[in-house]
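Protein chains in written order, with our numbering: chain A, 1 to 278; chain S, 1001 to 1614. Everything on this sheet refers to the single structure shown next.
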């Protein structure tokens, strides 16, 4: 029972970490970054390289954020910027981008599966149940990411401009806010968050050039259903992640793998605007 | 679409002149291609033939993506799922029951039936009044993922992750497979070309350009899109059926999300909205992948990725789209060859088909209609009636609820409380396209037309509800009701019938939309600030058209207007909305001099002739 609850909480945390970057981009720019998966991959390979160079594992997410953020900003500058008026084309272009990144990673690191050691190993006893300490650490990480992001959005000048752009971009521009810059930074942060997610989940899974893809659809559905707000994203992760764990445990793992996509699709049919104002 | 046969016959005589020319234009290239398909096996080596047969079946799936995305505007990643359904129907059928003519027929039936049912269900999920294109794309993403998971969990029945292999299949020589696949592509191309350039095919373009306008022209776009999904799902399933019949292997990759995106990449590179482009894109990518993936394994995919991004950003029309634009710019004659119809259109007038109405019947009854947004009440207890031959102006300051009132009349799901009857029938919770059927036409505030369609095509689409369009022929005659024709001729649209709507001036777009709405032969006409942004001359022309409609056609016109002089000149009655309630309702002379009007329009807080409502 306790294991089940912990499974649900940690799964929700992992889903939240993986989708946060996508949400940031969708919330501000109203486009869907299908290259999100490859930024997760970039983060994972950054962690891999960092561990090969003997960097302390605590630093891996930070390095991943920098690498992912810079590549993301470059991608925004070169590709995404042209497509703000064409949201469906932006999906396609970012998908193309993910093909390119995936192939570059393959060319650089080879196709084979690789492993990164976890920074903390072993288990932690909670209510007399032993549970993987790294998964528990990810819950903390999810809260840190949510906290930092809320601080950035509500406590800084950049956050104020960003919120202005979200609400009314034309007006924001008219007031002298450089919305192009806001978008550039947002896209960079979104990609950086994806890279952090990649670095954080690698110790749980293996690293290969297509690893991000399996996370993409789940993250995408969660973001759509959350309607662009961070607290609702957390809630969606908890509810749908919880149902996923329950379905995998009690029915079948394959059905569990479909839970998020199918339930989110049905929920969106009933409530197309998402659950941001629920 | 049901009633296909009868519609086809009733129009055959009318549209025959359009047929031979269209046939000639398809016939020559198709004969050339057919010759290539027949001769091909003698020229090409076995390896190339092998690859080409697969590529040709993939090209059919790419064609379905092109029709859905390029023509009707639904970006789909899910056609791979239907390809997979066809593939696995054959593989499972032959593995379980062995090979034989009956088994083949059964498998084919299963492929078609299952694809149709799944497509119908997915279509129902994706398309509903008010659905967004993004949602349809989301559902199309989920479909292949669900299907692949089901295949994985199917054990020996589906072959799980390794797929099904080693079943006995059709005993055809490689040469004949090539001819079969080539013939199938050609047939799909020709049928698709004829259907898409027919009168019915135009409706797809109209839905892509402006789904809302289609709905308010009485077209049930959700139903059309679902029907189209079913047809395209079945075609993709047939392609998958052929693919596995030839290759003898059905793998989960044939149904997966990645294959679905590859189909989109092929169409994007070849040119969305160009049938030849989709086929060429599919063939080039499939064949080049087969040759280059062994010599340059990762670099090849890198090149495809870069090319894809470049095309989306720089050449959204793809290779053939850009080719068409470029050649059209250089040689107007070449344009005809490359697919755009430029037939001269002749105007005709339709007899009024609606029964001669009572001259003074009440056609609009609004009974204590309210509209709340949360705790904000925009309309509360609005009641009035309007008769035929009345021109009622609805005036009021910004935020009085004028546009909301129009919305509540035209869409049954808008109002929170109250009842609305149009021509004596309650609108209940009907969707806009059904309310159009009761006799209501709505012109939007901002001109809403089909940007990439020609003026004549915009008007034809407006007639879709009353005359089911032909699926094979494109009529050269544009038959319009007298009122619509009068607007077309007086505004100068008659000289621009073959021009694309996006090149029209603001005033002409407004006139076009009015003509489109009048083509519906409505009894009640809703106009939301039709004269905003028009010149003085255009306004006067508009006033003349309106008063004429009311006097001669006995239309009931409800018009939202800010310009009190204009209102005074044209109206028979004025309703003043103020803070969501009917403040005044009466003849023009009484209302314009009412102190409340003065206070609202000329008082200290508002300048005369307040601006545009949001």
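The beta-carbon is built from N, C-alpha and C at its ideal position, and this holds for glycine as well.
Residue i at chain A interface by Cβ criterion, 8 Å
i, result
"residue 1224/S", "no"
"residue 1145/S", "yes"
"residue 1619/S", "With chain S covering 1001 to 1614 only, the question about residue 1619/S has no answer from this structure."
"residue 1409/S", "no"
"residue 1295/S", "no"
"residue 1308/S", "yes"
"residue 1137/S", "yes"
"residue 1446/S", "no"
"residue 1125/S", "yes"
DSSP state of residue i mapped onto helix, strand, coil
i, result
"residue 1387/S", "strand"
"residue 240/A", "helix"
"residue 1411/S", "coil"
"residue 1531/S", "coil"
"residue 1571/S", "coil"
"residue 1562/S", "coil"
"residue 1589/S", "helix"
"residue 1436/S", "helix"
"residue 983/S", "Chain S is shown from 1001 up to 1614; residue 983/S falls before or after that span and cannot be answered."
"residue 131/A", "strand"
"residue 1373/S", "strand"
"residue 202/A", "coil"
"residue 1481/S", "strand"
"residue 1488/S", "helix"
"residue 1054/S", "helix"
"residue 1418/S", "strand"
"residue 76/A", "helix"
"residue 1212/S", "helix"
Residue i classed as buried or exposed, judged by whether at least 16 other C-beta atoms fall within 10 angstroms
i, result
"residue 1337/S", "With a pLDDT of 47 at residue 1337/S, under the threshold of 50, the modelled position of this residue cannot be trusted, and the question is left open."
"residue 1597/S", "buried"
"residue 97/A", "buried"
"residue 1166/S", "exposed"
"residue 1510/S", "buried"
"residue 251/A", "exposed"
"residue 1601/S", "buried"
"residue 1047/S", "exposed"
"residue 1067/S", "buried"
Under 7 Å from the C-beta of residue i: neighbouring residues of chain A
i, result
"residue 1152/S", "254"
"residue 1261/S", "95"
heavy atom of the ligand ADP below 7 Å from residue i C-beta
i, result
"residue 1371/S", "In the structure on display, the ligand ADP does not appear, and there are no ligands present to speak of."
Within-8 Å CB hit, residue i to chain S
i, result
"residue 61/A", "no"
"residue 181/A", "no"
"residue 265/A", "yes"
"residue 240/A", "no"
"residue 268/A", "yes"
9 Å Cβ cut-off: residues of chain A touching residue i
i, result
"residue 1076/S", "Within chain A, no residue comes near residue 1076/S; the closest Cβ sits about 11 Å away, beyond 9 Å."
"residue 1132/S", "272"
"residue 1275/S", "Near residue 1275/S there are no residues of chain A at all, since even the closest Cβ is about 20 Å away, more than 9 Å."
Where residue i meets chain S, residues with beta-carbon distance less than 7 Å
i, result
"residue 257/A", "1149"
"residue 77/A", "None at all; the shortest Cβ gap to chain S is about 12 Å."
"residue 89/A", "1312, 1316"
Proximal residues of chain S, C-beta to C-beta of residue i below 8 Å
i, result
"residue 106/A", "1298"
"residue 262/A", "1142, 1146"
"residue 178/A", "The contacting residues do not exist; residue 178/A stays about 22 Å from chain S at best."
Within chain S, partners of residue i - CB distance below 9 Å
i, result
"residue 99/A", "1261, 1265, 1301, 1302, 1304, 1305, 1306, 1308, 1309"
"residue 83/A", "1312, 1313"
Amino acids of chain A, ordered along the chain, whose beta-carbon sits closer than 8 Å to that of residue i
i, result
"residue 1268/S", "92"
Of the residues that make up the stretch 1196-1227 of chain S, which ones have a beta carbon closer than 9 Å to any beta carbon in chain A? none
Members of the stretch 217-232 of chain A near chain S, C-beta cut-off 9 Å: 217, 220, 221, 224
Quick one: which residues of the stretch 102-136 of chain A get their C-beta closer than 9 Å to a C-beta of chain S? List them in chain order. 102, 103, 104, 106, 107, 111
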